[in-house]
Each structure stands twice: as C-alpha cells, then as structure tokens.
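Q:
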Ligand code: SIN
Ligand code: MN
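Residue numbers (the working numbering): 2 to 268.
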C-alpha cells in the first residue's frame, strides 16, 4: 500500500494528498454502522455542538471499538504513514467529526500542530493526519478547506479561541490567512464515501458550517513519529494519547474481520 513517487512529491509540495475510494464500500458501511452506534452513546469522549445535543466529535473510538482499532492498524494507513513520517508512528489523536446536517458548526482556520505544540508540547511537526470520508463530501456540506503549500511555513503564531465553538482551538488570524491564500489559494477536496486525505500537521485548514440537509462525517486519525512523543499531559488522554507504542500493520482484511462478529451479532 505504499504511495507512488508522484504522490509523495504532491504531499511534499502541496501538504496533502487525496485518495479517492481508498477504503472499500464494505469497509465504509462497517465504519458508518459503528459510528452511528457510538454517536448514540453518552460518554465523555463525545463532544457536542454548542447549539444542542448533536455530536460534534467523538474521540478515541479506536481504544474501545474493534472496527476502529482495526482501522488504525490497516496497511492502507500504517504503510503510507510510516513512509511520509520516515519513522514508526503512534496514534496521537483519533476523532470522528459529525458536521451534522444543519447543525455542524465551523472549524476555524488552524494548523493541527498549533494545538499539539501549545497544549501537548509536541517537540516538532513530524506528525500528520489521515482523514476518511464516511459520507459523500460535496461543496455544500462543509468540506475541508486547505491552503496548499501553507505547511511549508512551519508552526504559525496562533491564539487560543475558547468561545467560537464548543471545542477550544488554537486559531490563525485573518490577516495571515489573507497572505497565505494569496500565495496558495484554497482547495476543498470532495468525493464519495471511502475517499481519504493525508495532510501535514502544519497545513492550514478549516471548514465552514454545514447548512445543507446532508451529514458530513469524517474520521481523523492523527499519527505522530515515535521519536516525537508529547511531553505535556494537560489534556485528557482520550484527546492526547499517552500510549507511544508503535502501530503495527495488520492484514489487508483486518477491518472486515473485526466487523464480522459484530455484523452477525446485529442480525
Ligand atoms: C479539524 O480540522 O480538526 C476538523 C475539521 C473538520 O472536520 O471539518
Ligand atoms: Mn484540524
């Protein structure tokens, strides 16, 4: 499942790569079913939107759900991850963002490394994300917005926004965004369920609210080089993990196998 030289070059130059249909329809169906069950639970890992009871993000699902445990061991995730980080990797954060129809709120302009540095004392930006679309992502349901090439700027000054949404975030001010967009523009990768994005921890990104009648669930697995483990433990460990064990790749069908007993039990 290694990435090609052309894909690696695109990642290096633009800060992301888009992989349509990276996971199969069967794998996506399993992950959607498990996500719906998780979203129905009341647990501290499920953070809700400011406006009501709708789940904004569900953290750490891979620590208690076998299907998502298998996802983080999937060769389509582990092999490109190690290739791009140039190291073994561990899971720094796992979340499934709901961006629910009508209620899904904004994610302000930010770099993920801004928060990981300020809150978790991650030494360098040698970390990144895998995003997996569980729904079709279109121009209406709050797609991710990326500023290509912004990852080359390294860690950018950010301020702690505790009020805009229900979730605190280190955000970048508008003047800087204007400059970065003048250089790199904005892209919004769109595609069907199962599509995937790998993006750098210093790529500047955000997403608008979802005014459409369509949900936009995306899984984010944040991977960090084992040589770059965090040094501050202020946040709950379901948000910033303390287990720095390198993740092994399992078999190509690990996700399907993990879902099978659960499918039979549901029938
Ligand atoms: C994020 O940047 O962490 C989430 C953005 C989104 O789900 O739209
Ligand atoms: Mn982010």
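Yeah, the Cβ is synthetic: ideal placement off N, Cα and C, and Gly gets one too. Everything numeric in this text was worked out from a predicted model, so none of it was measured.
Quick one: residues in its chain with C-beta nearer than 7 Å to the C-beta of residue 36, no 5 flanking neighbours on either side, listed in chain order?
A: The residue labelled residue 36 in the question sits at position 35 within the chain shown. Excluding residues within five positions, the ones whose Cβ falls inside 7 Å are 97, 135, 218.
Q: Comparing alpha-carbon positions, which option in 240, 28, 33 lies nearest residue 216?
A: Counting from 1 along the chain shown, the entry for residue 216 is found at position 215. Taking only the C-alpha atoms, the option nearest residue 216 is 33.
Q: Are the CB atoms of residue 178 and residue 146 nearer to each other than 8 Å?
A: Within the chain shown, numbered from 1, the residue matching residue 178 stands at position 177. Within the chain shown, numbered from 1, the residue matching residue 146 stands at position 145. Not a contact, by the Cβ cut-off of 8 Å.
Q: Note the first and the last residue of the continuous alpha helix (DSSP H) segment covering residue 77.
A: Locating residue 77 in the chain shown gives position 76, where the first residue counts as 1. Taken as a continuous stretch (DSSP letters only), the alpha helix (DSSP H) holding residue 77 covers 76-86.
Q: Go ahead and label residue 50 buried or exposed: buried means 16 or more other beta carbons lie within 10 angstroms of its beta carbon, across all protein chains shown.
A: On the chain shown, position 49 is the one that residue 50 refers to. The residue in question, residue 50, is buried, as its Cβ has 16 or more Cβ neighbours within 10 Å.
Q: For the ligand MN, is there any heavy atom lying closer than 7 Å to the beta carbon of residue 111?
A: Within the chain shown, the letter at position 110 stands for residue 111. Result yes, Cβ under 7 Å from the ligand MN.
Q: Quick check on this structure: which residue in 21, 26, 66, 28 has the alpha carbon closest to the alpha carbon of residue 42?
A: By one-based count along the chain shown, residue 42 stands at place 41. With distances taken between Cα atoms, residue 42 lies closest to 66.
Q: Does DSSP put residue 112 in a helix, in a strand, or in coil?
A: Within the chain shown, numbered from 1, the residue matching residue 112 stands at position 111. It is coil, neither helix nor strand.
Q: So which of 183, 156, 163, 224 has the shortest CA-CA distance to residue 203?
A: Stepping through the chain shown from its first residue, residue 203 is reached at position 202. The shortest C-alpha separation from residue 203 is found at 156.
Q: Which two residues bound the contiguous alpha helix (DSSP H) that contains residue 184?
A: Stepping through the chain shown from its first residue, residue 184 is reached at position 183. 175-185 is the span of the alpha helix (DSSP H), which, as asked, contains residue 184.
Q: Look up residue 146 in the DSSP assignment and give the residues it is bridged to.
A: For this step, residue 146 is matched to residue 145 along the chain shown. Answer is 207.
Q: Taking 5 Å as the limit, tell me which residues put their C-beta closer than that to any heavy atom of the ligand SIN, in chain order.
A: 98, 108, 208
Q: Confirm the yes/no value for this check: CB of residue 161, any heavy atom of the ligand MN, distance under 7 Å.
A: Residue 161 sits at position 160 when you count from the first residue of the chain shown. No - the ligand MN has no heavy atom lying nearer than 7 Å to the Cβ of residue 161.
Q: Nearest CA to the CA of residue 116: which residue from 247, 241, 251, 252?
A: Here residue 116 is taken as the residue at index 115 of the chain shown, counted from 1. For residue 116, the nearest C-alpha among the options comes from 241.
Q: State the Cα-Cα distance for the pair residue 141 and residue 193, rounded to the nearest angstrom.
A: Position 140 of the chain shown holds residue 141. Position 192 of the chain shown holds residue 193. Rounded to the nearest angstrom, the two C-alpha atoms are 14 Å apart.
Q: At a cut-off of 7 Å, is residue 242 close to the ligand MN when judged by its beta-carbon and the heavy atoms of the ligand?
A: Taking the first residue of the chain shown as 1, we reach residue 242 at position 241. Not under cutoff, so the answer is no.
Q: From residue 75 to residue 64, what does the alpha carbon distance come to, in whole angstroms?
A: Residue numbering aside, residue 75 sits at position 74 when the chain shown is read from its first letter. Residue numbering aside, residue 64 sits at position 63 when the chain shown is read from its first letter. Each residue's Cα considered, the two are about 15 Å apart.
Q: Examine the ligand MN and report whether any of its heavy atoms sits within less than 7 Å of the Cβ of residue 152.
A: Stepping through the chain shown from its first residue, residue 152 is reached at position 151. It does not: the Cβ of residue 152 is nowhere closer than 7 Å to a heavy atom of the ligand MN.
Q: Could you check the C-alpha separation between residue 44 and residue 239 for me, to the nearest Å?
A: Reading the chain shown from its first residue, position 43 is the one you call residue 44. Reading the chain shown from its first residue, position 238 is the one you call residue 239. About 11 Å.
Q: What does the Cβ neighbour count give for residue 161, buried or exposed, with the cut at 16 atoms within 10 Å?
A: Counted from its first residue, the chain shown places residue 161 at position 160. Answer is exposed; the Cβ neighbour count stays below 16.
Q: Excluding the 5 residues flanking residue 250 on each side, which residues of the same chain have their C-beta closer than 7 Å to its C-beta?
A: Start at 1 with the first residue of the chain shown, and residue 250 comes out as number 249. In chain order, 74, 76, 79, 80 place their CB closer than 7 Å to the CB of residue 250, counting only its own chain and leaving out the 5 sequence neighbours on each side.
Q: Strictly by DSSP, which residues pair up with residue 171?
A: What you label residue 171 is simply residue 170 of the chain shown in a count that begins at 1. BP columns for residue 171 point to 161.
Q: Based on the DSSP output, what are the partners of residue 96 in its beta bridges?
A: By one-based count along the chain shown, residue 96 stands at place 95. Paired residue(s): 60, 221.
Q: For residue 209, collect the residues of the same chain with a Cβ closer than 7 Å to its Cβ; drop the 5 residues on either side in sequence, then sort them by chain order.
A: Counting from 1 along the chain shown, the entry for residue 209 is found at position 208. 107, 143, listed in sequence order.
Q: Compute every distance between the C-beta of residue 206 and the non-hydrogen atoms of the ligand MN, then say whether any falls below 7 Å.
A: Numbered from 1 along the chain shown, position 205 holds the residue referred to as residue 206. Checking every heavy atom of the ligand MN against the Cβ of residue 206, one is found closer than 7 Å.
Q: Between the alpha carbons of residue 4 and residue 58, how many angstroms are there, rounded?
A: As a working mapping, residue 4 is identified with position 3 in the chain shown. As a working mapping, residue 58 is identified with position 57 in the chain shown. Taking the straight line from one Cα to the other gives about 29 Å.
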